[in-house]
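What follows is a set of notes on a single structure, which appears directly below.
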Amino acid sequence: MPTIPHTEHHFESSETVRDIVIGMADGLTVPFALAAGLTGAVDASRLIVIAGLAEIAAGSIAMGLGGYLAARGDAEHYASERLREEREIIEKAEYERHEVLEILESYGLTRGESAPILAAFEKNPKVWVDWMMRFELGLEEPHPDRARHSAVTIAASYVAGGLIPLTPYMLVPHAATAMQFSVVATILALAIFGYVKGRYAGAPPVRSSIRTTLIGGLAAGAAYVIARLIS
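Here is the structure:
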């Protein structure tokens, strides 16, 4: 009887999703708050669009740079810890052997069962270091292009998110009317974004949509109130 091959589907781009969430969330809330705050002081949508586009440009650059520096910091931390671990399996070999046995015992393996694994590690120091980085320190080696990808993803997501609340001001000349469309567009975007994020991240999509809409709406509302008070 033919068997059906078992295929597991796992989401492997959590870092990309995190970058999109960071960029999109700020892009949806900050330009919206700026546009809404200016609406009370300026009646012409054209001036709000100019200010909004300037903010989107500056915000995307700042957010992208922040993502780049954060990813570079992660890479430098991993390299530093790996270099230390490489030294320790030579200079403190007995201590490192004990750590391996302790980690394996925490997974239910006896000393006798762990001995062949430790012997295999000693024959292949690179694999030993790889294993210690993951199971002792909980660190995964970052992708070489992680910093650049993070910067581009966050910046692009910020631009995409920022254009959503700003687009009504580009199409409607009166700022007060444009703001009403902007509120609706932002709420819908938050709901759709939360749903899609939930689908890709493996969370319940409807719950993710509601949560993202509520959190994003509260953040946008708070930013709007602050912007109005300042203006």
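For the sequence shown, the positions run 67 to 297 when the numbering used here is used. The C-beta atom is built at its ideal place from N, Cα and C for all residues, glycine as well.
With contacts defined as CB atoms closer than 8 Å, Thr278 and Thr82 fail to qualify as a contacting pair. Taken through DSSP and simplified to helix, strand or coil, Ala110 comes out as strand. Taken in chain order, the complete alpha helix (DSSP H) segments of 4 or more residues contained in the stretch 188 to 237 are 191 to 201 and 212 to 237. Bridge pairing for His240: Ala110 [DSSP].
Distance between Ser126 and Leu284, taken at the CA atoms: about 22 Å. At a Cβ-Cβ threshold of 8 Å, Met129 and Gly227 do not count as neighbours.
Judged by beta-carbon spacing, Asp85 lies within the 8 Å limit of Gly133, meaning their Cβ atoms are closer than that value. Arg153 is positioned such that its CB atom lies no closer than 8 Å to that of Leu167. For the 8 Å CB-CB criterion, Gly93 and Val225 form a contact.
Buried is the label assigned to Pro97, since at least 16 other Cβ atoms lie within 10 Å of its Cβ.
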